[in-house]
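Student: Starting off with a structure, shown below.
Numbering (my numbering), first residue to last: 1 to 305.
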């Protein structure tokens with residue numbers, strides 16, 4: 001099961017995609033499913049809310065690799081975005097408008113332009129994400145370098161490239177900016193997270209959960225002590241982003257590795273997914289404390305409040 005990269009802008013719902021070709025909308029207040037749609041012909045893989053009401057973009061895992069723009073209201077396609085010829089591995093929506101950027105196993109990446117994706121060929125499989133201003137795109141390429149692009153001059157290539165030490169034991173599965181734009185968090189399929197300085201590309205901290213585990217990492221703001229990093233295996237782990245110290249892990253353990261984690265700042269809840277969907281209120285969580293730091297919640301990249 002996969003969760004959207006963000007909840008609906010008003011915080012009311014979150015949507016998931018599953019291996020049974022279903023798209024399920026959940027109410028973020030009571031945690032219950034509101035509606036289920038199916039994409040039996042094409043399947044469903046990565047899915048993201050747009051800024052328009054009741055619309056999403058999503059990629060497929062069956063017939064082709066076209067990205068489709070779907071109206072949830074009447075379950076009809078509004079627009080098609082062809083371009084990739086292998087499975088889409090990254091899909092990120094701009095925080096300011098309905099521009100999105102996608103990456104594929106065919107080693108291409110690009111923003112959606114009109115009804116097509118303006119693609120750039122890279123040296124390896126990309127993962128990608130927008131910065132909080134919607135002007136900068138970060139691309140992780142070949143699990144060893146981060147390239148920064150100005151969306152206004154995307155076709156001119158990156159304005160900065162940061163080369164990291166290559167780790168043969170894992171591949172990068174995602175990256176995200178903090179909402180102040182100063183940090184980039186890299187997730188892997190090897191149980192490791194890397195926190196980078198977004199301006200210099202230096203690795204500030206490396207966080208580990210467990211070997212051979214898919215790690216999905218997020219940053220959560222703290223009113224008193226800056227950012228917190230959350231990482232996953234069968235539990236949720238938390239580190240202080242400044243010191244790199246582990247401060248907590250959840251007492252709850254599920255049957256399999258948690259592959260997705262999404263924070264909702266409006267209701268102070270977060271959702272996690274493996275084979276099942278779990279939605280928890282942060283004040284009801286029980287953590288095994290590893291330090292005296294005051295905890296708020298596991299979360300996504302978010303601004304200071």
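Don't be surprised by glycine CBs; every beta carbon is placed ideally from N, CA and C. Bear in mind the structure is a predicted one, so any value in this text is a computation, not a measurement.
What residue range is occupied by the uninterrupted beta strand (DSSP E) comprising residue 262?
Tutor: Your numbering for residue 262 matches position 262 in the chain shown. Start and end: 260 to 264.
Student: Exposed or buried, residue 140, counting other C-beta atoms within 10 Å across all chains shown (16 or more means buried)?
Tutor: Residue mapping note: residue 140 aligns to position 140 of the chain shown, counting from 1. When all chains shown are included, residue 140 counts as buried.
Student: CA-CA distance, residue 236 and residue 250?
Tutor: Against the chain shown, residue 236 aligns to sequence position 236. Against the chain shown, residue 250 aligns to sequence position 250. C-alpha separation (whole angstroms): 5 Å.
Student: Alpha carbons only, please: which of 144, 186, 100, 48 is nearest the one belonging to residue 168?
Tutor: As a first step, residue 168 is located in the chain shown; it is residue number 168 there, counting from the start. Of 144, 186, 100, 48, the residue nearest in Cα terms is 144.
Student: With respect to the beta strand (DSSP E) encompassing residue 150, which residues constitute its N-terminal and C-terminal limits?
Tutor: Against the chain shown, residue 150 aligns to sequence position 150. Element bounds for residue 150: 145 to 150.
Student: DSSP on residue 155, reduced to helix/strand/coil?
Tutor: Residue 155 sits at position 155 when you count from the first residue of the chain shown. In the structure shown, residue 155 sits in a helix (DSSP, three-state: H, G or I).
Student: Run through the segment 3 to 69 for me and flag every whole beta strand (DSSP E) of 3 or more residues, listed as ranges in chain order.
Tutor: You should have 13 to 17, 22 to 27, 33 to 38, 47 to 49, 55 to 58.
Student: Which residues does DSSP pair with residue 75 in a beta bridge?
Tutor: Taking the first residue of the chain shown as 1, we reach residue 75 at position 75. Bridge partners of residue 75: none, in fact.
Student: Who are the Cβ neighbours of residue 267 in its own chain at under 7 Å, not counting the five residues just before and after it?
Tutor: If you number the chain shown from 1, residue 267 lands on position 267. Within the same chain, residue 267 has close Cβ partners 11, 28, 29.
Student: Answer yes or no: do residue 59 and residue 88 have a C-beta to C-beta separation smaller than 9 Å?
Tutor: Residue numbering aside, residue 59 sits at position 59 when the chain shown is read from its first letter. Residue numbering aside, residue 88 sits at position 88 when the chain shown is read from its first letter. In this structure, residue 88 lies closer than 9 Å to residue 59 by Cβ.
Student: In the DSSP output, which residue or residues are listed as bridge partners for residue 246?
Tutor: Taking the first residue of the chain shown as position 1, residue 246 is located at position 246. Its beta-bridge partners are 239.
Student: Classify residue 165 as helix, strand or coil using the three-state DSSP reduction.
Tutor: On the chain shown, position 165 is the one that residue 165 refers to. Three-state DSSP puts residue 165 in coil, outside helix and strand.
Student: Given a threshold of 16 other Cβ atoms within 10 Å of its Cβ, counted over all protein chains shown, does residue 131 qualify as buried or as exposed?
Tutor: Taking the first residue of the chain shown as position 1, residue 131 is located at position 131. Classification for residue 131: buried.
Student: Taking the alpha-carbon of residue 262 as reference, which of 69, 176, 243, 208 has the nearest alpha-carbon?
Tutor: As a first step, residue 262 is located in the chain shown; it is residue number 262 there, counting from the start. Cα-wise, what sits closest to residue 262 is 176.
Student: Which residue wins for smallest C-alpha separation from residue 92, given the options 207, 146, 112?
Tutor: Numbered from its first residue, the chain shown carries residue 92 at position 92. Cα-wise, what sits closest to residue 92 is 112.
Student: What do you get for residue 202, buried or exposed, if any count of 16 or more other CB atoms within 10 angstroms of its CB means buried?
Tutor: Position 202 of the chain shown, counted from the start, is the residue given in the question as residue 202. Its Cβ having fewer than 16 others within 10 Å, residue 202 is exposed.
Student: Beta-carbon within less than 7 Å of residue 104's beta-carbon, same chain only, minus the 5 sequence neighbours each way: which residues are those?
Tutor: For the purposes of this step, residue 104 is taken as residue 104 along the chain shown, with counting starting at 1. Around residue 104: 65, 84, 86, 87, 88, 89.
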